[in-house]
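The end of the sequence shown is residue 397 by this note's numbering, with every number in the run present.
Here is the structure we will look at, set down as structure tokens.
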Amino acid sequence: MSSTLLTVTQVNRFLRSLIEGDGRLADITITGEISNFTQNSRSGHMYFSLKDSQSVLKSVMFAAAARRLAFTPQDGMKVIIRGRVSVYEPSGQYQLYAETMQPDGVGALALAFDQLKERLAGEGLFDPERKRPLPSWPMRIGVVTSPTGAAVQDILQILGRRWPVAEVVFCPVQVQGDAAVPQLILAVEKLNHARACDVIIIGRGGGSMEDLWAFNNESLARTVAWSQIPVVSAVGHETDFTICDFAADLRAPTPSAAAELCTPELEAQLENLEAYHQYFCGKALQVIGQLRQRTDLLLQRSPLSQPREYTRRRREILDSMTERLGLLAQSRVDGDRQRLSLLAGRLDALSPLKVLARGYGVIYRDGAAVRDLDALPEGEEVTLQAEKGRRQARLL
Numbered sequence: 002m003s004s005t006l007l008t009v010t011q012v013n014r015f016l017r018s019l020i021e022g023d024g025r026l027a028d029i030t031i032t033g034e035i036s037n038f039t040q041n042s043r044s045g046h047m048y049f050s051l052k053d054s055q056s057v058l059k060s061v062m063f064a065a066a067a068r069r070l071a072f073t074p075q076d077g078m079k080v081i082i083r084g085r086v087s088v089y090e091p092s093g094q095y096q097l098y099a100e101t102m103q104p105d106g107v108g109a110l111a112l113a114f115d116q117l118k119e120r121l122a123g124e125g126l127f128d129p130e131r132k133r134p135l136p137s138w139p140m141r142i143g144v145v146t147s148p149t150g151a152a153v154q155d156i157l158q159i160l161g162r163r164w165p166v167a168e169v170v171f172c173p174v175q176v177q178g179d180a181a182v183p184q185l186i187l188a189v190e191k192l193n194h195a196r197a198c199d200v201i202i203i204g205r206g207g208g209s210m211e212d213l214w215a216f217n218n219e220s221l222a223r224t225v226a227w228s229q230i231p232v233v234s235a236v237g238h239e240t241d242f243t244i245c246d247f248a249a250d251l252r253a254p255t256p257s258a259a260a261e262l263c264t265p266e267l268e269a270q271l272e273n274l275e276a277y278h279q280y281f282c283g284k285a286l287q288v289i290g291q292l293r294q295r296t297d298l299l300l301q302r303s304p305l306s307q308p309r310e311y312t313r314r315r316r317e318i319l320d321s322m323t324e325r326l327g328l329l330a331q332s333r334v335d336g337d338r339q340r341l342s343l344l345a346g347r348l349d350a351l352s353p354l355k356v357l358a359r360g361y362g363v364i365y366r367d368g369a370a371v372r373d374l375d376a377l378p379e380g381e382e383v384t385l386q387a388e389k390g391r392r393q394a395r396l397l
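Have a look at this one:
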């Protein structure tokens, strides 16, 4: 009897129907170690192998299921997966189609927390160097929490008792559920944009890890870390830690503790002010006493004690200076007069009139003195200048 001729597709399709028809493989829970893990950046599908000490099972988790994971799968991670087994016809390979996944031995939320904490710490987001000190005397305090929880009442009560001079800028938000993260982020951003306060308290009361999970969000952690206003994180009880705690400038064990850490105590500040008042008043009185002593001493030694004697001495000094100034001025005038007389004598000796007085004369032609008679033609009219008088003449 001859066998039936089948195509490869028919065989793979038959095997797929056999496997999918077995109800025992339609919904299984399996444990193993992840290897060869990859995730398609565009589709979001995850591809990996699930192995134990003896065997390997090819596996896939589609994007819709992968988005529900609270953690990121990694090679070497031991996990528990619920899904189904089927055949991928194009390659003829049977594989596990994973619907859910959780770490084996540790909770998914705890693993996701550790993964995110390690990654953000590696970026330096939690470094102490980038954390800023809180203001010593905040006049406006931002509070980001639920309007119905006990946390806001505790915060307001303590702020009112310790530092009633401060204005509370309250931003009511949800602190758990799908809407919590975007509301928390928006509240911190609004307070920063408006510079509405000097310090921000963000947090909520205690609860399970699931209840506090909104404060383990990466986007919220980055918003808190880069806030221009110092942030105090107060989430849960003293034993609760969140990613927001590490990103904030200061972590408070409880919301009540956050209110205390953000504010000075009014009574203590008043006592300090009174002490400063007493100190500066004492210093002022001491300085005033010293200045009064110096003033009394100056009054004893100054002209104010004997004004007539002071005026007489100053008048004598003025008379003496006036006499010396007059003598200096007269001496300067006499010296200048002698120098002027000497210069006048020298100038007079060089005067052409002195030459004429000795019997000499000067011949002028057209107003200019004649030096060469041979240059004058016969019959030229000239002017003769003697000591006494001037005449016109004609050369023969």
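Where a beta carbon is used, it is the ideal one built from N, C-alpha and C, also for glycine.
Quick caveat: nothing in here was measured; it's all calculated off a predicted structure.
Distance, residue j Cα to residue i Cα
i, j, result
"Ile289", "Pro129", "49 Å"
"Ser4", "Val12", "13 Å"
"Ala222", "Ile244", "6 Å"
"Val144", "Pro74", "36 Å"
"Pro136", "Ala111", "34 Å"
"Phe114", "Asp241", "12 Å"
"Ser220", "Glu275", "47 Å"
"Gly161", "Gln294", "50 Å"
"Val57", "Ser18", "22 Å"
"Ala387", "Ile364", "9 Å"
"Gln116", "Ala167", "39 Å"
"Leu118", "Cys263", "It should be pointed out that residue 118 corresponds to Lys in this sequence rather than to Leu. Looking at the two C-alpha atoms, the distance is approximately 25 Å."
"Phe38", "Val189", "37 Å"
"Ile203", "Leu16", "57 Å"
"Pro378", "Asp349", "35 Å"
"Val170", "Ile35", "49 Å"
"Gly24", "Met62", "20 Å"
"Gly336", "Leu329", "11 Å"
"Val88", "Arg68", "24 Å"
"Lys52", "Leu121", "30 Å"
"Asn193", "Thr32", "48 Å"
"Leu126", "Val9", "55 Å"
"Pro256", "Val153", "8 Å"
"Glu239", "Gly84", "39 Å"
Simplified DSSP state of residue i, which is helix, strand or coil
i, result
"Met322", "helix"
"Lys59", "strand"
"Gln175", "coil"
"Arg366", "strand"
"Ser18", "helix"
"Val200", "strand"
"Val230", "With the sequence shown as reference, residue 230 is identified as Ile, and Val is not the correct amino acid for it. Coil at Ile230, not helix or strand."
"Gly206", "coil"
"Glu239", "coil"
"Val288", "helix"
"Gln11", "helix"
"Val225", "helix"
"Leu6", "coil"
"Thr255", "coil"
"Thr264", "coil"
"Leu385", "strand"
"Gln393", "strand"
"Asn37", "strand"
"Thr30", "strand"
Assigned exposure category for residue i - 16 Cβ within 10 Å defines buried
i, result
"Leu299", "exposed"
"Phe72", "buried"
"Gly123", "exposed"
"Gly237", "buried"
"Asn218", "buried"
"Thr149", "exposed"
"Trp138", "exposed"
"Ser54", "exposed"
"Leu213", "buried"
"Ser342", "exposed"
"Asp1", "The structure shown does not extend to residue 1, since the chain spans only 2 to 397, so no value can be given for it."
"Cys282", "exposed"
"Ala370", "exposed"
"Pro308", "exposed"
"Asp199", "buried"
"Gln393", "exposed"
"Arg252", "buried"
"Trp227", "exposed"
"Thr224", "buried"
"Asp250", "buried"
"Leu344", "exposed"
"Ser42", "exposed"
"Thr146", "buried"
"Pro134", "exposed"
Residue i CB to nearest heavy atom of the ligand NAP below 7 Å
i, result
"Leu157", "In terms of ligand content, the structure shown is empty, and the ligand NAP therefore cannot be addressed."
Residue-chain proximity (residue i, chain C), Cβ-Cβ < 8 Å
i, result
"Thr39", "Absent from the structure: chain C. Only one protein chain is present."
Mind listing, in chain order, the continuous alpha helix (DSSP H) runs of no fewer than 4 residues lying wholly within the region 48-136?
-> Correct list: 64-67, 109-123.
Can we say the region 39-48 touches the region 76-89, given the rule of at least three CB pairs closer than 8 Å?
-> Segments in contact, no.
Indicate whether the contact test is met: 3 or more Cβ pairs, each with one atom in the region 279-289 and one in the region 162-178, closer than 8 Å.
-> Contact between the region 279-289 and the region 162-178 is absent, because fewer than three Cβ pairs lie under 8 Å.
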